[in-house]
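Number of protein chains: 2
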Amino acid sequence: MKRQRPGWLLERLAGALQRKLSAAAVQLELWDGQIRYSGPHPPIGALVVDDARTLRGLLFNPNLRFGEAYMAGRLRVRGELEPVLEAVSRLSPTMTWREWFSQYLSVGNSPSRARENVHHHYDLGNDFYRGWLDEQLLYTCAYFEHPDVSLEEAQRAKMDLVCRKVRLRPGDTVVEAGCGWGALALHMARAYGARVKAFNVSREQIAYARARAAREGLAGQVEFIDDDYRNAQGECDVFVSVGMLEHVGLAHYDSLSAVLRRVVRRATGRGLLHFIGRDFRRPLNAWIRRRIFPGAYAPTLAEVTTRVLTPARMSVLDVENLRLHYARTLRHWSGRFAAMEGQVRARYGEEFRRAWELYLAGSEAAFAVSSLQLFQIVFSPAEAPPPYWSRTEVYRGVETADQWFAATR
Amino acid sequence: MKRQRPGWLLERLAGALQRKLSAAAVQLELWDGQIRYSGPHPPIGALVVDDARTLRGLLFNPNLRFGEAYMAGRLRVRGELEPVLEAVSRLSPTMTWREWFSQYLSVGNSPSRARENVHHHYDLGNDFYRGWLDEQLLYTCAYFEHPDVSLEEAQRAKMDLVCRKVRLRPGDTVVEAGCGWGALALHMARAYGARVKAFNVSREQIAYARARAAREGLAGQVEFIDDDYRNAQGECDVFVSVGMLEHVGLAHYDSLSAVLRRVVRRATGRGLLHFIGRDFRRPLNAWIRRRIFPGAYAPTLAEVTTRVLTPARMSVLDVENLRLHYARTLRHWSGRFAAMEGQVRARYGEEFRRAWELYLAGSEAAFAVSSLQLFQIVFSPAEAPPPYWSRTEVYRGVETADQWFAATR
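Sequences listed follow chains H and P, in order. Under the numbering used here, the first residue of the first sequence carries the number 68, and numbering increases by one thereafter. Under the numbering used here, the first residue of the second sequence carries the number 68, and numbering increases by one thereafter.
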């Protein structure tokens with residue numbers, strides 16, 4: 068490790084960076100051992116930078132270079148990782164010029180590219196995910212009725228929340244776009260008597276889901292289809308997509324919209340989109356797009372309503388923002404991931420382990436500081452009656468809608 | 068009344084109009100007594116047209132001329148008014164060229180024009196509204212936990228729903244933009260211990276609200292301000308606006324946004340917008356704009372998020388669509404209005420009575436067929452924690468948010 072002082076220019080820039088970080092009570096520790104911190108409170112943690120190249124990366128392209136350096140171990144965090152990331156995340160609430168520019172360079176997700184992108188992330192091996200997800204392998208935001216319930220319970224509550232929001236009933240036909248390891252599709256069949264066609268382009272996940280369906284005697288009710296959801300045929304009562312829209316990419320929202328228009332039964336259908344979103348247009352973090360989710364984009368509500376729902380002539384019935392629930396979910400995942408640190412390092416290497424540690428903690432920070440949102444949108448065709456009369460039915464189980472519609476239509 | 072047959076061209080056009088109306092099971096009855104109806108079912112009702120001028124109006128500018136002719140009594144409806152309007156409303160789900168064009172002709176609502184527009188509608192006399200609104204004079208969508216509760220109960224439930232959604236607490240300061248006759252502001256003070264500044268530019272309403280506050284001993288907690296809400300000063304914990312956004316007009320959303328940014332406390336504030344909206348951009352019905360609500364516009368969700376909330380750096384926490392609750396509210400109002408038919412005719416004349424009868428029934432039809440929506444949006448500054456942990460607290464009264472935030476922040 069070099070002990071040399073940074074040059075004159077770099078020293079000035081490091082000072083400026085430290086002043087910015089001081090506002091977040093984070094210390095910048097360079098390889099020269101010098102203390103530059105000047106915040107009013109003792110620092111909550113420090114960014115430890117080993118060399119001039121890493122410092123230059125932090126100065127000129129932090130969105131990408133922070134992650135690259137962290138992954139390589141050239142940048143370390145002293146103190147607890149997540150609070151430091153939260154503090155740092157609060158410093159850049161608006162879009163940088165680089166982010167603005169990158170919007171015009173991003174590529175769309177054709178079916179073949181979508182398949183590659185999904186393969187990149189989801190086909191790491193079911194064993195890997197089994198190590199830190201809940202027992203049913205739900206890799207999306209859970210729903211904690213109370214913040215203290217277990218992850219297992221919160222994931223079951225999420226599945227019930229989705230089913231109740233679309234008022235799933237026995238015999239309903241469902242199209243699920245992006246079904247992961249199949250937990251929701253199987254839950255819909257088992258607990259609600261629905262018949263589900265579940266689409267996924269991850270081969271490992273589909274194989275797992277099919278085996279589980281066979282084992283649980285649900286293969287007759289749930290069809291796991293190794294195909295792009297855009298190839299869905301026929302009509303359905305309910306369309307659900309949990310954690311898939313992020314991978315669609317803005318340029319392909321029109322084809323999602325066309326699918327909704329084609330498959331959701333106009334007179335009685337309804338649907339739910341569950342996705343990571345933004346308050347305002349901004350690309351996902353550059354490092355996340357390079358290393359974790361190629362091709363991913365978190366849309367604003369307006370992008371989803373104007374590009375997906377309105378062209379499909381769908382009416383928005385309900386939107387819920389569950390960002391703190393995703394922060395909580397990620398905290399559970401981080402804890403379990405940390406507990407299997409040794410195994411991950413042995414199997415995938417230290418660089419991979421650090422990348423995933425940063426991805427989980429950084430995502431928690433982003434949801435905690437409201438840089439990312441988690442939206443659930445319930446919609447129905449303009450011609451269809453809403454699936455319930457009031458939310459009382461969703462949250463207290465009073466089912467009056469049928470009586471009401473029977474009496475008035 | 069002329070008994071002459073329509074000329075050749077008008078006859079052809081009447082035939083075409085009847086074919087369109089037949090799809091809605093509505094008969095067209097012209098002055099010549101001829102039957103042109105050809106639907107597969109017996110008609111549910113009829114439009115009775117007295118002369119060629121009225122027929123031409125229906126053919127060439129139905130959005131405006133239907134109302135004008137109905138008001139004048141040159142067009143009558145045989146059968147029940149509301150179901151016929153519903154059936155007819157279903158025939159034009161998309162924007163006409165005339166509507167498209169009119170978007171570019173509409174004028175904005177400067178403070179002085181806003182005052183005029185409001186005067187036009189709301190200063191008809193408190194006695195008039197007392198005749199057909201609920202006992203507390205709430206002139207906005209009620210919330211029927213169950214469709215059979217009374218209008219009085221549903222209006223109280225609406226006020227509680229608003230207060231619970233923003234988690235109103237003792238000592239909270241509230242700015243209410245557009246307070247009507249003051250019921251919500253008084254309820255917030257009485258039932259929740261809030262201190263409210265309530266703005267309204269209708270002099271009659273403000274006078275009524277002040278008298279009520281004094282009578283109920285709440286004048287110390289609620290200040291009714293005869294001014295444009297855009298002049299609100301200082302900071303508040305909670306911003307609410309129920310049924311006012313419709314009168315703001317798209318051209319002035321930036322000033323609403325600036326008010327939100329200025330007055331809502333960044334670290335802990337939150338707010339609620341309750342307004343009539345649309346699934347897609349479309350001006351309000353031309354006749355409604357001429358006779359009932361000059362300057363009014365019902366925005367899409369995307370217009371409100373991108374033009375009002377995002378520029379104010381507000382995060383959307385919750386959206387609920389209550390369109391069927393507004394249809395139900397309007398049905399109550401229509402029933403009470405019909406019961407005082409004689410009085411209204413005597414005081415305001417038959418033309419006025421017919422205009423209001425049509426406005427109430429037509430609005431009910433528009434909400435019933437999903438041509439209008441009623442949105443409640445809960446938002447908070449990106450920096451602020453959401454007001455509750457999960458909806459369970461709103462719908463079941465479990466208050467865990469404080470414990471949670473205390474434990475984690």
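For each residue, glycine too, the CB sits at the ideal point set by N, CA and C.
Along chain H, in chain order, which residues have C-beta atoms closer than 7 angstroms to that of residue i?
{"i": "Val386 (chain P)", "result": "Val383, Asp385 and Val386"}
{"i": "Thr207 (chain P)", "result": "Going along chain H, no residue has its Cβ under 7 angstroms from Thr207 (chain P), so there is no contact; the nearest lies around 17 angstroms."}
{"i": "Thr459 (chain P)", "result": "Glu212 and Tyr462"}
{"i": "Pro129 (chain P)", "result": "Those do not exist, as Pro129 (chain P) stays about 20 angstroms from chain H at its closest Cβ, beyond 7 angstroms."}
Which residues in chain P have a C-beta closer than 8 angstroms to the C-beta of residue i? List them in chain order.
{"i": "Glu424 (chain H)", "result": "Neighbours of Glu424 (chain H) on chain P: none; closest Cβ ~20 angstroms, over 8 angstroms."}
{"i": "Pro73 (chain H)", "result": "The premise fails here: Pro73 (chain H) is roughly 34 angstroms from chain P at the closest Cβ pair, so nothing lies under 8 angstroms."}
Counting only Cβ pairs nearer than 7 angstroms, list the residues of chain P close to residue i.
{"i": "Thr240 (chain H)", "result": "Simply none; closest approach about 23 angstroms."}
{"i": "Phe347 (chain H)", "result": "Thr377"}
{"i": "Arg248 (chain H)", "result": "Note that residue 248 (chain H) is Trp in the sequence shown, not Arg. The contacting residues do not exist; Trp248 (chain H) stays about 25 angstroms from chain P at best."}
{"i": "Pro107 (chain H)", "result": "Ordered by position in chain P, no residue passes the 7 angstroms Cβ test against Pro107 (chain H), which lies about 18 angstroms from the chain."}
Give me the DSSP bridge partner(s) of residue i.
{"i": "Leu114 (chain P)", "result": "P:Leu95 and P:Val144"}
{"i": "Ser308 (chain P)", "result": "P:Leu340"}
{"i": "Thr459 (chain P)", "result": "None, per the DSSP bridge assignment."}
{"i": "Phe291 (chain P)", "result": "P:Ala265"}
{"i": "Val331 (chain H)", "result": "H:Cys303"}
{"i": "Thr367 (chain H)", "result": "H:Arg345"}
If the cut is a Cβ gap below 8 angstroms, which residues of chain H does residue i touch?
{"i": "Thr372 (chain P)", "result": "Thr367, Leu368 and Ala369"}
{"i": "Trp400 (chain P)", "result": "Those within 8 angstroms of Trp400 (chain P) in chain H number zero; the least Cβ separation is about 17 angstroms."}
{"i": "Trp456 (chain P)", "result": "Phe211, His213, Pro214 and Leu391"}
Output the boundary residues of the beta strand (DSSP E) element that contains residue i.
{"i": "Asn388 (chain P)", "result": "Met381 to Asn388"}
{"i": "Ser447 (chain P)", "result": "Gln440 to Pro448"}
Using a C-beta to C-beta distance shorter than 9 angstroms, which residues of chain H count as neighbours of residue i?
{"i": "Ala39 (chain P)", "result": "Nothing can be reported for residue 39 (chain P): it is not among the residues displayed for chain P, which extend from 68 to 476."}
{"i": "Pro50 (chain P)", "result": "Here chain P covers residues 68 to 476 and nothing more, so residue 50 (chain P) does not appear."}
{"i": "Pro150 (chain P)", "result": "Near Pro150 (chain P) there are no residues of chain H at all, since even the closest Cβ is about 11 angstroms away, more than 9 angstroms."}
Where do the N-terminal and C-terminal ends of the alpha helix (DSSP H) with residue i fall, by residue?
{"i": "Arg197 (chain H)", "result": "Asn193 to Arg197"}
{"i": "Phe347 (chain P)", "result": "Element bounds for Phe347 (chain P): n/a, residue is neither H nor E."}
{"i": "Arg86 (chain H)", "result": "Trp75 to Ser89"}
{"i": "Leu122 (chain P)", "result": "Ala119 to Phe127"}
{"i": "Glu219 (chain P)", "result": "Leu218 to Lys232"}
Kindly list, in the order they appear in chain P, the residues whose Cβ is closer than 9 angstroms to that of residue i.
{"i": "Pro237 (chain H)", "result": "Residues of chain P passing the Cβ test: none, with the nearest at roughly 24 angstroms."}
Distance cutoff 8 angstroms, beta carbons only. Does residue i sit that close to anything in chain B?
{"i": "Pro453 (chain H)", "result": "The structure shown contains no chain B; its protein chains are H and P."}
Would you be able to state if there are at least three C-beta pairs under 8 angstroms between the region 294-314 of chain H and the region 228-248 of chain H?
yes
Would you check if there are 3 or more beta carbon pairs closer than 8 angstroms linking the region 414-431 of chain H to the region 133-142 of chain H?
yes
Pick out the complete beta strand (DSSP E) segments inside the region 237-288 of chain H, 3 residues or longer, and give them in chain order.
240-244 and 262-267
If you pair each beta-carbon of the region 438-445 of chain P with each one of the region 382-390 of chain P, do three or more pairs fall below 8 angstroms?
yes
Note down, one range per segment and in chain order, each alpha helix (DSSP H) of at least 4 residues found wholly within the region 395-422 of chain P.
408-415
Between the region 371-383 of chain H and the region 374-382 of chain P, do three or more beta carbon pairs fall short of 8 angstroms?
no
Meets three-Cβ-pair contact criterion under 8 angstroms: the region 103-123 of chain P and the region 397-404 of chain P:
no
So does the region 254-274 of chain H actually touch the region 286-297 of chain H, counting three or more Cβ pairs closer than 8 angstroms?
yes
Segment contact flag, the region 223-240 of chain H with the region 193-209 of chain H, C-beta cutoff 8 angstroms, min 3 pairs
yes
Three Cβ pairs or more, each shorter than 8 angstroms: is that satisfied between the region 146-163 of chain H and the region 426-437 of chain H?
yes
Are at least three pairs of beta-carbons, each pair with one atom in the region 321-339 of chain H and one in the region 450-459 of chain H, less than 8 angstroms apart?
yes
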